[in-house]
Amino acid sequence: MKIGIIAHLKHPIKAPFAGGLEAFTYQVAQKLTERGHEVILFASSSSEASGKLYSILDDSSYEQQSGVRHKRPDMSSEYIAEHHAYYQLMTDIDMIGLDIIFNNCLHYVPITMANLITTPLVTVLHTPPFYELKNAITAAEKKGALNYVTVSKCNADNWGECIENCPVILNGIEVEKWDYYETGRQGNYAVWFGRIHPDKGLDIAIKAAKLAGLTLKVAGGIADQRYYKDKIQPLLDENIEMLGLLNHKDINKLIGEAKVCLITPVWQEPFGLVVAEALACGTPVAGINAGALPEVLGDECGFLVNPGDLTGLSEAIHQAAKLDRKKIRQYAESNLSIETMLTQYEELFEILVENKTKIAS
Numbered sequence: 001m002k003i004g005i006i007a008h009l010k011h012p013i014k015a016p017f018a019g020g021l022e023a024f025t026y027q028v029a030q031k032l033t034e035r036g037h038e039v040i041l042f043a044s045s046s047s048e049a050s051g052k053l054y055s056i057l058d059d060s061s062y063e064q065q066s067g068v069r070h071k072r073p074d075m076s077s078e079y080i081a082e083h084h085a086y087y088q089l090m091t092d093i094d095m096i097g098l099d100i101i102f103n104n105c106l107h108y109v110p111i112t113m114a115n116l117i118t119t120p121l122v123t124v125l126h127t128p129p130f131y132e133l134k135n136a137i138t139a140a141e142k143k144g145a146l147n148y149v150t151v152s153k154c155n156a157d158n159w160g161e162c163i164e165n166c167p168v169i170l171n172g173i174e175v176e177k178w179d180y181y182e183t184g185r186q187g188n189y190a191v192w193f194g195r196i197h198p199d200k201g202l203d204i205a206i207k208a209a210k211l212a213g214l215t216l217k218v219a220g221g222i223a224d225q226r227y228y229k230d231k232i233q234p235l236l237d238e239n240i241e242m243l244g245l246l247n248h249k250d251i252n253k254l255i256g257e258a259k260v261c262l263i264t265p266v267w268q269e270p271f272g273l274v275v276a277e278a279l280a281c282g283t284p285v286a287g288i289n290a291g292a293l294p295e296v297l298g299d300e301c302g303f304l305v306n307p308g309d310l311t312g313l314s315e316a317i318h319q320a321a322k323l324d325r326k327k328i329r330q331y332a333e334s335n336l337s338i339e340t341m342l343t344q345y346e347e348l349f350e351i352l353v354e355n356k357t358k359i360a361s
């Protein structure tokens with residue numbers, strides 16, 4: 001099939017990845033290409049693609065700070081630039097001759113214009129509902145049937161008000177690209193990795209690690225400078241190591257040699273690729289019971305506590321560190337493989353291409 005993948009434009013789609021959505025988009029494009037499909041990635045200009053990159057926004061208009069796009073002072077200019085980039089893409093996209101459009105962006109324009117094109121389009125709902133996307137879906141549904149899929153049962157429930165029975169395809173990762181670290185190779189530290197943003201709760205992880213008496217090593221780009229300055233900097237001391245963005249080899253080693261990985265979302269996390277990546281390394285998880293984390297984590301891979309329970313989280317760190325790392329890796333291989341995920345997406349694409357039927361209402 002000839003597949004067009006629409007990426008979001010907040011960050012380039014390339015390693016080191018700014019977040020889970022960038023990693024997901026890159027890996028899906030790469031693996032679909034390996035499976036013999038012709039893949040076109042619609043993304044910003046400095047993105048990288050295994051197939052063909054179709055640039056829809058010039059990254060030279062933006063500053064880069066530690067690998068993360070730095071928003072310009074005039075936010076309206078960025079907002080309008082992204083609006084026009086997607087508008088122009090959707091205006092031209094039928095002329096490219098795609099079999100299917102795989103929409104992975106979080107922007108309203110591809111959804112509101114989907115009924116104006118003839119190429120089948122399916123949108124992956126990677127997040128819980130937010131104002132712009134929810135309004136776009138509500139408006140688009142009034143004009144005709146569109147197709148959606150989401151990444152967890154929890155997130156399908158979140159969208160239930162405007163999309164009834166949204167199909168679920170769990171995210172997957174390239175488990176084989178994450179080296180397994182057996183018991184005995186671990187240092188005396190916990191790890192936290194991901195975007196440093198209020199939603200991800202790094203401040204909670206730092207406090208819990210201190211209560212547990214462990215060094216915390218942190219990898220990731222600062223996505224919210226105010227949060228970092230107000231909530232994170234005051235907590236930093238010799239037991240908190242801020243490592244910034246790391247390449248795959250280094251992040252793999254960092255996670256694999258950790259006693260435990262802390263996952264501390266303060267929102268309804270729709271999936272949590274960081275969970276899958278930690279489990280692929282054999283590293284158990286201690287975290288907050290929020291969103292889809294119970295779905296992703298399984299029964300023998302970690303411990304979750306209720307939001308606000310710092311003491312419980314510090315205790316969960318020590319409990320999780322005792323779990324069988326080999327079983328954790330096996331769980332990742334059996335349940336969180338990108339190959340399983342892609343097979344399900346291919347089956348979905350074939351239905352849409354052949355029948356142009358609606359898969360969710």
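Note that UniProt numbering numbers the sequence shown so that position 272 is 272, with each residue one more than the last. Cβ coordinates follow ideal geometry from the N, Cα and C atoms, glycine included.
Original post:
If we ignore side chains and look at the alpha-carbon of each, how far apart do isoleucine 251 and asparagine 355 end up?
Top reply: 43 Å
Original post:
If you draw a straight line from the C-alpha of isoleucine 100 to the C-alpha of glutamate 38, how long is it?
Top reply: 11 Å
Original post:
Taking the alpha carbon of valine 59 as the point to measure from, which residue in Ala49, Ala320, Leu236, Glu78 has its own alpha carbon closest?
Top reply: Correcting the residue type first, residue 59 is aspartate in the shown sequence and not valine. That would be Glu78, whose Cα lies nearest to the Cα of aspartate 59.
Subject >> Length of the line joining the Cα atoms of lysine 253 and alanine 190 >> reply: 13 Å
**OP:** Can you check the UniProt domain "Glycosyl transferase family 1" (188–333) for any alpha helix (DSSP H) of at least 4 residues that lies completely inside it and give the ranges in chain order?
**Re:** 202–212, 248–256, 273–280, 293–297, 310–320
**OP:** Kindly indicate if chain C contains any beta-carbon less than 9 Å away from that of histidine 11.
**Re:** No chain C appears in this structure, which consists of one protein chain only.
Subject >> Buried/exposed call for isoleucine 255, threshold 16 Cβ in 10 Å >> reply: buried
**OP:** Could you check what DSSP says for glutamate 48 in three-state terms: helix, strand or coil?
**Re:** coil
**OP:** Please confirm whether valine 285 and lysine 200 have their CB atoms less than 9 Å apart.
**Re:** no
Original post:
What first and last residue would you give for the alpha helix (DSSP H) that runs through phenylalanine 24?
Top reply: 20–34
Original post:
How do the region 85–105 and the region 225–242 stand: do at least 3 beta-carbon pairs fall below 8 Å, yes or no?
Top reply: no
Subject >> Cβ-based neighbour list, asparagine 247, same chain, cut-off 8 Å, excluding 5 preceding and 5 following >> reply: Ala15, Pro16
Subject >> Inter-residue Cα distance where the pair is lysine 134 and cysteine 162 >> reply: 8 Å
Original post:
Taking the alpha carbon of alanine 43 as the point to measure from, which residue in Tyr108, His8, Ile169 has its own alpha carbon closest?
Top reply: His8
**OP:** Grab the span of the beta strand (DSSP E) containing valine 109 for me, first residue to last.
**Re:** Segment 109–112 is the alpha helix (DSSP H) holding valine 109; no beta strand (DSSP E) there.
**OP:** Give me the Cα-Cα distance between aspartate 299 and alanine 316, rounded to the nearest whole angstrom.
**Re:** 14 Å
Original post:
On the three-state DSSP scale, how would you describe alanine 43?
Top reply: strand
**OP:** Kindly indicate which three-state DSSP category serine 152 falls into: helix, strand or coil?
**Re:** coil
Subject >> Residue range of the unbroken beta strand (DSSP E) whose run includes phenylalanine 102 >> reply: 100–103
**OP:** Tell me whether isoleucine 80 is buried or exposed, calling it buried when 16 or more other Cβ atoms sit within 10 Å of its Cβ.
**Re:** exposed
Original post:
In terms of residues, what are the limits of the beta strand (DSSP E) holding isoleucine 5?
Top reply: 2–6
Original post:
According to the Cβ coordinates, are isoleucine 263 and leucine 235 closer than 9 Å?
Top reply: no
Subject >> Candidates Tyr131, Gln268, Thr91: closest to asparagine 115 by CA position >> reply: Thr91
**OP:** Using beta-carbon positions only, say whether glutamate 269 and glycine 291 come within less than 9 Å of one another.
**Re:** yes
Subject >> Option nearest leucine 57 by Cα separation, candidates Leu297, Tyr87, Phe130, Gln330 >> reply: Tyr87
Original post:
Among all the DSSP beta bridges, which residues are the ones paired with leucine 53?
Top reply: Leu41
Original post:
From asparagine 103 to glutamate 295, what distance separates their C-alpha atoms?
Top reply: 24 Å
Original post:
Could you give the residue range of the alpha helix (DSSP H) that holds valine 353?
Top reply: 338–355
Original post:
Which term fits lysine 10, buried or exposed, when burial requires 16 or more other beta carbons within 10 angstroms of its beta carbon?
Top reply: buried
Subject >> valine 68 - DSSP class collapsed to helix/strand/coil >> reply: Caution is warranted here: a pLDDT of 45 is assigned to valine 68, below 50, making its placement in the model unreliable, and no coordinate value can be reported.
Original post:
Going by alpha carbons, who is nearest to arginine 195 out of Ile6, Lys2, Leu21, Ile3?
Top reply: Leu21
Original post:
Can you tell me whether DSSP reads asparagine 335 as helix, strand or coil?
Top reply: helix
Subject >> Cα-Cα separation, leucine 202 to isoleucine 232 >> reply: 7 Å
Original post:
Below 9 Å between beta carbons: does that hold for histidine 126 and phenylalanine 24?
Top reply: yes
Original post:
Leaving out five residues before and five after leucine 118 in sequence, what residues of the same chain have Cβ atoms less than 8 Å from its Cβ?
Top reply: What sits at residue 118 in the sequence shown is threonine, not leucine. So the list reads Asp94, once near-sequence residues are dropped.
Original post:
If you drop the 5 nearest sequence neighbours on each side, which residues of the same chain put their C-beta closer than 8 Å to that of threonine 343?
Top reply: none
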